[in-house]
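Peer 1: Chains as they are written, first to last, in the numbering used here: chain A, 1 to 223; chain B, 1 to 340. Structure incoming, see below.
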Amino acid sequence: MIRFEQVGKRYPNGHVGLHELSFRVRRGEFLFVTGHSGAGKSTLLRLLLAMERPTTGKLLLAGQDLGQISTAQIPFLRRQIGVVFQNHQLLFDRTVFNNVALPLQILGLSKTEVVKRVDSALERVALSDKAELYPGDLSTGQQQRVGIARAIVHRPALLLADEPTGNLDPRLAAEIMGVFEDINRLGTSVLIASHDLALIARMRHRMLTLQRGRLIGDGEAGV
Amino acid sequence: MSATRSSKVSERVAAKASDPAPQKKKHDDDDGPSFGALFSAWIEAHRSSLLDSLRRLGKQPIGSFFTCLVMAIALSLPMGLSLLLSNVERLGGSWQRAAQVSLYLQLDASPSEGEGLVRQIKEMGGVADAEYISRDEALNEFQKQSGLGEALKELPENPLPGVVLVTPLEVDKAALEALRTRLAELPKVQQAQLDLVWVERLAAILKLGDRFVFGLTVLLVAALLLVIGNTIRLHIENRRTEIEVIKLVGGTDSYVRRPFLYMGALYGLGAGVLSWGVLAFGLDWLNDAVVKLAGLYGSDFALAGVPVSDGVSLLLGAVLLGYIGAWIAVARHLRELAPR
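Next comes the structure, spelled out in structure tokens:
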């Protein structure tokens, strides 16, 4: 699904975000990327979303070389990916339904199909009864679940999450992680960047550890 | 409570995972949507963009109105001047009439010779029309216009010659002079007269007017594009987060661009309607004074309003300018809108 081959990222100001990173992620795998602030977790996600390009090495996602991908192809690449942000990135002037429907509207699906899929995604995150509310009417945990529903509604092959539990209390964080595991069980690869080691340890999935842009650990969490 | 909810979610997802129906659905999806479904989704996407743009303009009615008004004024100035020039042209008569060649016939030329001359002239190259005015008709007209009716009756015989009025095909100094020379050589023609100075002056004034209107149009179209571009730029800034999210979830540049293009076109449409209204009202308002002035010179001249064809062109042009202005603004800012 994902292949990093000696991937490096150096910014124009000289800062090195990633040093010759190499690892693979299988289809349907669940893994965490952890490390302190500035370790390179966000850079790794930004490379996978083609928000940035690697300066060295080769990064393949579903067979596509993200170092060579054309600007016009990027939107179509992103349609295979679902993204969950720490700050949710919801549109507060749209209802929950319309927030979740956004990726489907972009795909140009029919109204009937959009309704069916949004209902299904909201049901999956237990927010069916909040469809007509606005994000501002919801709690932080519920907003995060709206973000998750939006990330999975178009049935992506890969789900990326950047510190998805960063603003949540431990109980809500565990709940959100449960939702990610449910989604992973349906065959979606899940890659979560988080520095919440306690939470990661409880989940017993593969964990990549980054430090100053280098991969210093690759194994099962909690072992 | 949350833990309970989480377990409920897990149960539901597990149930879905074991349900064979989604597998079947996935297979159906792989076949791809039909052309009809794609077309109706495309129409729906455009309808939704248009309605969204209308809703956003409606949310700021005063701001939207003033933007349209500024654009309308920019459109009205050249259009209004152009309409006034058309009216001036009409007032001075058509170009052909202004450049008519008057052929004064010899006094012994009979009406049948005059009619024959007209037929001969009509067959000549460079002639649009020719009209014969007999000596009697000329006298009658002169009596009516001069107020010397009684005095003229005292004359032993009609002193006025028959006249052939020749309307040329083109208004060009050299061509007109050549035509006048050829006409002067015809039999029974005493004198061929062409008031070229007046024609040249009118042509120069109207040409200057046309050039002025063209220059003004270019300047105001540029101003209009800047106005619409700046307005759309502000809309883009206000929706930066939304655009970033759209791009992150796979929205193409054309998807991002679409609502702004509709917005530009809607601004243009609003400006076009307002401009048409301003021009119709302005010409009507001027007309009273013009009719009064023309009446003092014994003329029944009145300003023509905005012709429907000109109004429709104004609307279409305004919509097009709004669309182009929005396109330029979005194209300029789209690169800056990469998700951060």
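Glycine residues also receive a C-beta, built at the ideal position from the N, C-alpha and C atoms. All values derive from a computational prediction rather than experimental measurement.
Any idea if Val-218 (chain B) is buried or exposed, counting beta-carbon neighbours within 10 angstroms, 16 or more meaning buried?
Peer 2: Taking the second sequence and counting its residues from 1, one reaches residue 218 (chain B) at position 218. Classification of Val-218 (chain B): exposed, given that the 10 Å Cβ count is below 16.
Peer 1: Would you call the CB atoms of Glu-220 (chain A) and Arg-204 (chain A) closer than 8 Å?
Peer 2: Within the first sequence, residue 220 (chain A) is the residue found at index 220, counting from 1. Within the first sequence, residue 204 (chain A) is the residue found at index 204, counting from 1. Contact: yes.
Peer 1: For Ile-246 (chain B) and chain A, any beta-carbon pair shorter than 8 Å?
Peer 2: Reading the second sequence from its first residue, position 246 is the one you call residue 246 (chain B). Chain A contact via Cβ: present.
Peer 1: Counting Cβ pairs, one atom from each stretch, are 3 or more of them under 8 Å apart for the segment 238–251 of chain B and the segment 291–309 of chain B?
Peer 2: no
Peer 1: I'd like to know if Phe-76 (chain A) contacts chain B, where contact means its C-beta is closer than 8 Å to some C-beta of that chain.
Peer 2: Sequence index remark: in the first sequence, residue 76 (chain A) carries index 76 (1-based). Closer than 8 Å to some Cβ of chain B, the Cβ of Phe-76 (chain A) qualifies, so yes.
Peer 1: Gly-108 (chain A) touches chain B at which residues, Cβ-Cβ below 7 Å?
Peer 2: Position 108 of the first sequence holds residue 108 (chain A). Going along chain B in sequence order, the residues near Gly-108 (chain A) (Cβ under 7 Å) are Leu-38, Ala-41, Trp-42 and Ala-45.
Peer 1: Ends of the alpha helix (DSSP H) at Arg-78 (chain A)?
Peer 2: For the purposes of this step, residue 78 (chain A) is taken as residue 78 along the first sequence, with counting starting at 1. It spans 74–78 - the alpha helix (DSSP H) in which Arg-78 (chain A) sits, taken as one unbroken run.
Peer 1: Measuring only the C-alpha atoms, how far is Asp-30 (chain B) from Ala-329 (chain B)?
Peer 2: Taking the first residue of the second sequence as 1, we reach residue 30 (chain B) at position 30. Taking the first residue of the second sequence as 1, we reach residue 329 (chain B) at position 329. Because the pLDDT of Asp-30 (chain B) is 48, which lies under 50, any placement of that residue in the model is unreliable, and the number read from its coordinates should be weighed accordingly. Asp-30 (chain B) and Ala-329 (chain B): Cα-Cα distance of roughly 38 Å.
Peer 1: Excluding five sequence neighbours on each side, which residues of the same chain lie with their C-beta closer than 7 Å to the C-beta of Asn-99 (chain A)?
Peer 2: Within the first sequence, numbered from 1, the residue matching residue 99 (chain A) stands at position 99. Closer than 7 Å at the Cβ level, and outside the excluded window around Asn-99 (chain A), lie Leu-90, Leu-91, Pro-135, Val-146 and Arg-150.
Peer 1: Which value, in whole angstroms, describes the spacing of the CA atoms of Ser-42 (chain A) and Val-213 (chain B)?
Peer 2: Numbered from its first residue, the first sequence carries residue 42 (chain A) at position 42. Numbered from its first residue, the second sequence carries residue 213 (chain B) at position 213. About 58 Å.
Peer 1: Would you give the residue range spanned by the beta strand (DSSP E) that Glu-175 (chain A) belongs to?
Peer 2: By one-based count along the first sequence, residue 175 (chain A) stands at place 175. If you look at Glu-175 (chain A), you'll find it isn't in any beta strand (DSSP E); it sits in the alpha helix (DSSP H) that goes 170–185.
Peer 1: Is the Cβ-Cβ distance between Val-101 (chain B) and Pro-156 (chain B) less than 8 Å?
Peer 2: Taking the first residue of the second sequence as 1, we reach residue 101 (chain B) at position 101. Taking the first residue of the second sequence as 1, we reach residue 156 (chain B) at position 156. Against a cut-off of 8 Å, the Cβ pair of Pro-156 (chain B) and Val-101 (chain B) comes out as no contact.
Peer 1: Using alpha carbons as the reference points, say which of B:Arg-90, B:Ser-86, B:Gly-270 and B:Lys-292 lies closest to Val-70 (chain B).
Peer 2: Translated into positions along the second sequence, residue 70 (chain B) becomes position 70. The residue with the shortest Cα to Cα distance from Val-70 (chain B) is B:Gly-270.
Peer 1: Answer yes or no: do Gly-57 (chain A) and Glu-20 (chain A) have a C-beta to C-beta separation smaller than 8 Å?
Peer 2: Position 57 of the first sequence, counting from 1, holds the residue named residue 57 (chain A). Position 20 of the first sequence, counting from 1, holds the residue named residue 20 (chain A). Yes. Within cutoff.
Peer 1: Spatial neighbours of Gly-282 (chain B) within its chain, please: CB distance less than 8 Å, with the 5 preceding and 5 following residues excluded, ordered by chain position.
Peer 2: Here residue 282 (chain B) refers to the residue found at position 282 of the second sequence. Correct list, in chain order: Ser-76 and Gly-80.
Peer 1: Are any of the Cβ atoms in chain A nearer than 8 Å to that of Thr-67 (chain B)?
Peer 2: Locating residue 67 (chain B) in the second sequence gives position 67, counting from the first residue. Chain A contact via Cβ: absent.
Peer 1: Are the beta-carbon atoms of Thr-95 (chain A) and Glu-132 (chain A) separated by less than 8 Å?
Peer 2: By 1-based counting over the first sequence, the position of residue 95 (chain A) is 95. By 1-based counting over the first sequence, the position of residue 132 (chain A) is 132. Their beta carbons are under 8 Å apart, which means Thr-95 (chain A) touches Glu-132 (chain A) by this criterion.
Peer 1: Grab me the residues of Gln-64 (chain A)'s own chain with a C-beta within less than 7 Å of its C-beta, minus the 5 sequence neighbours each way, in chain order.
Peer 2: Residue 64 (chain A) sits at position 64 when you count from the first residue of the first sequence. Result list for Gln-64 (chain A): Leu-77, in chain order.
Peer 1: Answer yes or no: does any C-beta atom of chain A fall closer than 8 Å to that of Tyr-255 (chain B)?
Peer 2: Working through the second sequence from its first residue, we reach residue 255 (chain B) at position 255. Yes, because at least one Cβ of chain A sits closer than 8 Å to the Cβ of Tyr-255 (chain B).
Peer 1: When you compare only the Cα positions, how much space is there between Leu-66 (chain A) and Ile-148 (chain A)?
Peer 2: Stepping through the first sequence from its first residue, residue 66 (chain A) is reached at position 66. Stepping through the first sequence from its first residue, residue 148 (chain A) is reached at position 148. Taking the straight line from one Cα to the other gives about 24 Å.
Peer 1: Could you give the distance in angstroms between the alpha-carbon of Leu-179 (chain B) and the alpha-carbon of Leu-202 (chain B)?
Peer 2: One-based indexing of the second sequence puts residue 179 (chain B) at position 179. One-based indexing of the second sequence puts residue 202 (chain B) at position 202. In a straight line, the C-alpha of Leu-179 (chain B) is about 20 Å away from that of Leu-202 (chain B).
Peer 1: To which residues does DSSP link Gly-59 (chain B) through a beta bridge?
Peer 2: The residue given as residue 59 (chain B) occupies position 59 in the second sequence. The sequence as given places Lys at residue 59 (chain B); Gly does not occur at that position. Lys-59 (chain B) pairs with nothing; no bridge assigned.
Peer 1: State the Cα-Cα distance for the pair Met-51 (chain A) and Leu-334 (chain B), rounded to the nearest angstrom.
Peer 2: The residue given as residue 51 (chain A) occupies position 51 in the first sequence. The residue given as residue 334 (chain B) occupies position 334 in the second sequence. Computed Cα separation, rounded: 14 Å.
Peer 1: Out of curiosity, what's the CA-to-CA distance linking Lys-188 (chain B) and Asn-158 (chain B)?
Peer 2: Position 188 of the second sequence holds residue 188 (chain B). Position 158 of the second sequence holds residue 158 (chain B). Cα to Cα, the separation comes out at about 18 Å.
Peer 1: So with Cβ pairs under 8 Å, would you call Pro-170 (chain A) a contact of chain B?
Peer 2: Taking the first sequence and counting its residues from 1, one reaches residue 170 (chain A) at position 170. No - not a single Cβ of chain B is within 8 Å of the one on Pro-170 (chain A).
Peer 1: Excluding the five sequence neighbours on either side, which residues of its own chain have a C-beta within less than 6 Å of the C-beta of Ile-74 (chain A), listed in chain order?
Peer 2: In the first sequence, residue 74 (chain A) corresponds to position 74, counting from 1. Ala-50.
Peer 1: Answer yes if the segment 309–320 of chain B comes into contact with the segment 273–288 of chain B, meaning at least three C-beta pairs across the two stretches below 8 Å, and no otherwise.
Peer 2: yes
Peer 1: For a quick check, are the C-beta atoms of Ala-74 (chain B) and Leu-234 (chain B) less than 8 Å apart?
Peer 2: Position 74 of the second sequence, counted from the start, is the residue given in the question as residue 74 (chain B). Position 234 of the second sequence, counted from the start, is the residue given in the question as residue 234 (chain B). In terms of Cβ geometry, Ala-74 (chain B) and Leu-234 (chain B) do not form a close pair [threshold 8 Å].
Peer 1: When DSSP labels each residue in this structure, what does Ser-112 (chain B) get in the three-state scheme?
Peer 2: Residue mapping note: residue 112 (chain B) aligns to position 112 of the second sequence, counting from 1. In the structure shown, Ser-112 (chain B) sits in a helix (DSSP, three-state: H, G or I).
Peer 1: From Ala-37 (chain B) to Arg-258 (chain B), what distance separates their C-alpha atoms?
Peer 2: Taking the first residue of the second sequence as 1, we reach residue 37 (chain B) at position 37. Taking the first residue of the second sequence as 1, we reach residue 258 (chain B) at position 258. Whole-angstrom Cα-Cα distance: 20 Å.
Peer 1: Ser-275 (chain B): which of B:Val-256, B:Gly-116 and B:Pro-78 sits nearest, CA to CA?
Peer 2: The residue you call residue 275 (chain B) lines up with position 275 of the second sequence. Nearest C-alpha to Ser-275 (chain B): B:Pro-78.
Peer 1: Got a sec: which bits of the segment 321–335 of chain B sit with their beta carbon under 9 Å from any beta carbon on chain A, in order along the chain?
Peer 2: none
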